[in-house]
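What follows is one structure encoded as structure tokens, with my remarks underneath.
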Amino acid sequence: KIKDNLGKAESRKLKDRYSPTTLRCNPNSHKSFVACGYKDGRIEIFNLAYALNNDNELDPVGRYFDPVSGKEKSKPPQLEGDTFNGVSDLQWDPCSPIYLLAAYSNGSKIVLWDCENEKSPTVIQTFGLTNRVSNVVSLSWQAWAPGNFMTVSEKGCGLVHVWNVSQKKPLDMFQVSSGSSATSLVCNDGLCLAPLENGAVCVYDAPRKLKLFTTNSSHRETVFDIEFSPDDPDKFATCSFDGCVKIWDGSTMRCKQTLKHDEKPILYCVTWAPRPFNLIASCAYSGHLTLWNPESRAGKPTCSKKIHRAPVYRVDWNRNIPELIATTSGDKTCAISVVNLGEGTFELKHRLQHPDKVYGCHWCPFTGTKYNTEYWVATGNQDGIVRIWDCKGKPFIQMELEGHQNKIFNVLWNPLKQGVLASGSDDHSILIWHLPKELDSKNQKVAPSVKCVGHTSNVRALLWSSEYAHILYTGSWDGTIRIWNAETGLQLSCTSDHHADVYGLHAHPSRPFSIVSSSRDTTVRFWQTTSPDIVKQAQMGLLAKVIMHGQTSSDDKQVTSSSAALNALQGPHGMALVEKVDELKKKQNNSLEAADKMSILHEIFNFFEGGKPGLSDLWALIQGKPTRVIHNCDNLLERHSQISLHQAKNSGSTTLSANAYVLELCKLGDFRTACEYLKRNKQWERALAIAPAVSREYWKTLMQEYSETLLLKHDETAVEYLLAAGETKNAIDFYRERAQFNDAMLIVQVQLDKKQPNEELRATSTEDPEHVSEFRNRTRTYRDEIARQNAKSYLEQGHGVLAACCLLAIGDTQGAIHALLLACEEPLAFVFSALEAERTSDAIPKSVIHGLASMCERSGSADLALSLYRQNRMNSALHLLCSRVVFPPAIRTKLVLRQANQYIKQAEESEVRGEDLCRTIELFCASGDTDAQARAVRMGVNEVCEILQRQRWDLQRAIQIMNIIQSVDLINVMSPERNRTLIGQVLALSCFTGLHQAIWRKYDTIVLPMFRSLISLLKGNTEMNLPFNIQEIMYMQAKYIIYNAAMSCDSDITAKALRTKARDLCDKCLNTLEPGASIQEEDAQFDANRNNKLKLDVKALIDILDDKSTPTRPRWSCSHRLANVVVHTAAPPNGNIRLGKRCLFNGAYIKGPAVLLNDKKSNLRLSDAVLWSKINPYAPINDGSKIFQPYYSCPAPITKSNNVHHQSSACAKKGHSDVPNNTRTRIESTNSKK
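Structure follows, in structure tokens:
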């Protein structure tokens, strides 16, 4: 009623003044009650259940007003002369459904309301606020301490105050941040989540008073754009909805400077001036174009003008003519301004009129043509047309590109290919335009060449690769980043880690495959792109030139995929790196010296993988140089000393009040009684100061008691007293339990560096050199345990390079190589192994060679895998490679391989002579002939079945034969319809032999899934004549669960569930066991005996489950098994909740990279897929396909498109050398850092 009588401005003011501020549901028995707080101080209680039963009419059942006025207002709120204190937060007491805690803004009070009678609420308690705790913005009850609650304030500088409902003053306080105030507080089981004003988030363990984690400061709203500095490759700028431009250090991922507008308008775009001008331009929703000097400490703009009457969506600096800058706006114009680069000011020069809103703009990067392309600017428009303007002289439209069905938000010229342009639109597509080389007239019409379809929402971000002219990155409102082949329109990769719209994409200036993205989820993420395969082929090609001394399978550059990938590099950095490698090898007669080799290898890895954490530290450790890694204890001790000195200088001392009784005791010389009195009164510090007057032993005992008291409270200050008392081991264990491995490592290294050990670790009180040496050995062992524990933690986070650093720092070279292999860092593992082999004159481990060769096969560089096997004289592996990868006859000739008929002839001769069956099968498979491979599979299956039917198995022989058979591609060699039984036998035998290897090697994460896969195979095909049946497999699974999975399980609940599952398996096995049930044995009597023995074994397991017998380890559970860490278990999930990928094994969201299987819907974790493929290459979906399908990318020059409109589906049928086909596996990389 008031609003109807007011004007528009007053109505808006009224709405803002009396609007709701917070809404809280009652978590207790009154779940339908909701409390709502308002800006005028009102609190209203609503009963949602009543509303649902009365046509959704929702009237408050109770009203609570500002406790300052203390009375209900009978009249509607008035605008003039009305004072109010808004409600800033509300919280229901989790222990009682009737108590409501309310905080009021403007420095008022905190009030505890009794809501038992909604119509007449009462105030139980009010809490006075001092200056430090005034303006409370958030409340939170302590569920672990009933009656206690916490508050955060605008002026608190990160302080959280703890209150009790019975006292009007705070009980305690702790600090979640030293430089920024908290904006909210959420608690759950003692863990507090506190978002800060600077955009960071702190996780705090309140009962233990331990800060667990704090993110870096960041934007608090949508990050619309991002761009690297052209002068400093590790510096980049972002702009956001919060009105700030932030400048970041990419090496530390921390904000270096924040540039702010006074009005804080929404900023849509940011761009750096070309070299050498150190300026930044940004555009705003308010219509302003702003120039900034990033070196200015004030953080204020050098010039800001409103040059548009509507929001400005895009700004772009002319890289050829730095004085020109373009902006596009919703006022239907594109403005061309002239910049005074010396003063940082600008003036409007031209205004390009469009028929509708203009969104995207980009200057042409090429110059020196007869058409003055350096003055060309492309604009994307609301009408779906891209317009190319010539701005030299009087601007005019040179070309119009028509093809989109909706507005065009972004346009981007290809930096490597002249006349190629990409545009992203709200029609969810990206169009690639190839402009004509000759212009017929002005306003020429051009049709698109390629169409990229795959996004499910509006396309926003565009980024061309600065090394490969045909690779395009795009970001969309669907939250995905996709990589495209712009020549064919085929999608190469897709990742969905962002939780909302992706607006910005940019590449590192010197590391072109390190990509950074920005999103509406307020994050900036760093990506190390591993797609498409041509990137890996180029990297492996350069490594082969350096490590393998240029020895490839052929000198013909058109044969090797890596040579073709290197020839396709068109960026300045890539071409310079290739030229540098060739020149060094030419100068040094095709062999590099150690220093040059180390330097060029570092450059190669920095170029392709420089964004990975710890890479520079790993290279420094390999070369024996100082590093920033935590295990370089000299640097750590120096840093620790500086921090301690700084804190000592800036900390104030706190004196306790005098105690007359203690003073009299000290005067009388009764220091022990004085210390005991102070100890009883919890004045430990004062007691410890007096204790040395009693004796050194008494002081040490008192120190240990105080340390134990602090440890019970999880107080970190306990470490000070533990170390002073010589309890070094307890101090280290304290940090290890909290996963603070860096601090634990620091203490251990201090003990190693001491000339004399602490008393607690001495063998005797004497300083005998033997005892000192023993102490050092024990301490060094302890340090190594911590380093390995830290490495395991890094592996679980997916940081294999950092894990290798931890192990290499303590001299565990083999452990570092193993960590790299576990993290799928095969190129690094190979290079490190090769350098170590040169230093020690040892051979490169075969596991490293096989790992790198497998990676080469998966990325289309099978020719490099061939060279690896040849150089290391691994003939058997070479033959199996010829079986896995189909090489056409012409390629076989160029790669110096035997033809199919030669292999078949040699195999037949071997069979006639009665040579080893493994060699005969191997030669048949290596031929690549489908008939010969099918023959080899049948021979191998028959031999393995015969081996497993014997009373004593030769399991190693069976595994050897299966490894040869598994090299065959069953889908392409055998018809699934006609050879269903044979294919089933191969898959079942692969699972059976793989199970024994997985149990022996302790691949625990894939053992139970492999059991399920084998049982599924046996149930689905009863015609297979195998030497084992489904009951025996059930018995094996139950036995494994009892002796391994349940016994090694950390959780009692999980262990109980596993034992229950084992009991169910035993019951099923007994119910299905009958004489003659197995169809594999011809002798019925033997079959009956076999089943009777299995019954006895199953009953023995049941007795163990019923605690009637003590379990002992089975024969195949060996203490020498290879322990494997599950990588990426602590990494962020792969994709957001909407698009996240679930693991086929357990249905959980995948963390880290995911592997898509052949059915195009099942996914595996990369670590699980690698482990599975090591012992069984066939996918667990049991269709005969392989997890990683090796292939050879036949090199061919990338041809130019002929202005033909291609749909992505049509291109998929044609195929492309860079793109995985239907039989290849796609790995979605999520190595993002947030």
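Just so you know, we're using this note's numbering here: the sequence shown kicks off at 2 and counts up by one.
Heads up, the beta-carbon is just placed ideally off N, CA and C, and yes, glycines get one too.
Computed from a prediction, not measured in an experiment: that's the story for all the values here.
CA-CA distance, residue 410 to residue 328, rounds to 13 Å. Going by DSSP, residue 402 is part of the beta strand (DSSP E) stretching over 397-403. Using a Cβ-Cβ distance cut-off of 8 Å, the stretch 1162-1176 and the stretch 810-818 are not in contact, since fewer than three pairs of beta carbons, one from each stretch, lie closer than that value. In terms of Cβ geometry, residue 243 and residue 272 do not form a close pair [threshold 8 Å].
Ranked by how close their Cα comes to the Cα of residue 424, the residues 565, 396, 454, 398 have 454 in first place. Ranked by Cα distance from residue 310, the first of 322, 286, 324 is 286. Within a 10 Å sphere around the beta-carbon of residue 380 sit 16 or more other beta-carbons, which makes this residue buried. Secondary structure within the stretch 417-481: the beta strand (DSSP E) runs of 3 or more consecutive residues, fully enclosed, are 421-426, 430-435, 445-447, 451-454, 460-465, 472-477 (chain order).
Segment contact: the stretch 251-262 against the stretch 531-546, fewer than three CB-CB distances shorter than 8 Å; contact not assigned.
Less than 8 Å separates the beta-carbon of residue 306 from that of residue 290. Leaving aside the five residues that flank residue 1171 on each side, the residues in its chain whose CB is nearer than 7 Å to its CB run, in chain order, 825. In the three-state scheme derived from DSSP, where H, G and I count as helix and E and B as strand, residue 1177 is classed as coil. Here residue 886 has 858, 863, 1191, 1192, 1193 as same chain residues with Cβ atoms under 7 Å from its own Cβ, once five neighbours each way along the sequence are excluded. Taking a contact to require three or more Cβ pairs closer than 8 Å, the stretch 375-389 and the stretch 355-367 qualify as touching. For residue 1040, the secondary structure class from DSSP, reduced to helix, strand or coil, is helix.
Non-local beta-carbon contacts of residue 205 in its own chain, meaning distances under 6 Å to residues more than five positions away in sequence, involve 177, 193, 212 in chain order. The distance from the Cβ of residue 692 to that of residue 676 is about 5 Å, consistent with a contact at the 8 Å cut-off.
In the three-state reduction of the DSSP assignment, residue 221 falls in the coil class, being assigned neither a helical nor a strand state. Here the stretch 1172-1191 lies against the stretch 964-978, with 3 or more beta-carbon pairs under 8 Å apart.
For residue 145, no alpha helix (DSSP H) run applies, since DSSP gives it neither H nor E. At a cut-off of 4 residues, the continuous stretches assigned as alpha helix (DSSP H) that sit fully inside the stretch 672-703 are 672-681, 685-691.
The three-state secondary structure of residue 749, taken from DSSP, is helix. Take residue 807, set aside five residues on each side of it, and the residues of its chain with a beta-carbon closer than 7 Å to its own are 632, 788, 791, 792, 795, in chain order. Excluding sequence positions up to five before and after residue 400, its CB lies within less than 6 Å of the CB of 389, 445, 447, all in the same chain and listed in chain order. Linking residue 843 to residue 549 through their CA atoms gives a straight-line distance of about 16 Å. Taking a cut-off of 8 Å for Cβ pairs, the stretch 776-788 and the stretch 739-752 touch, as three or more such pairs fall below it.
Only residues of its own chain outside the window of five on either side were considered, and among them 800, 803 have a CB closer than 6 Å to the CB of residue 614, listed in chain order. Distance from the Cα of residue 902 is smallest, within the candidate group 878, 882, 931, 547, for 931. Shortest Cα-Cα distance from residue 439 to any of 19, 387, 373, 503 involves 373. The beta-carbon separation of residue 268 and residue 240, rounded to 4 Å, stays under the 8 Å limit for a contact. Collapsing the DSSP output to three states places residue 942 in a helix.
For the 8 Å CB-CB criterion, residue 456 and residue 481 form a contact. The secondary-structure analysis by DSSP pairs residue 91 across a beta bridge with 103. When DSSP states are grouped into helix, strand and coil, residue 40 belongs to the coil group. With fewer than 16 other Cβ atoms inside 10 Å of its own Cβ, residue 952 counts as exposed. With respect to residue 516, residue 469 sits apart: the two C-beta atoms are not nearer than 8 Å.
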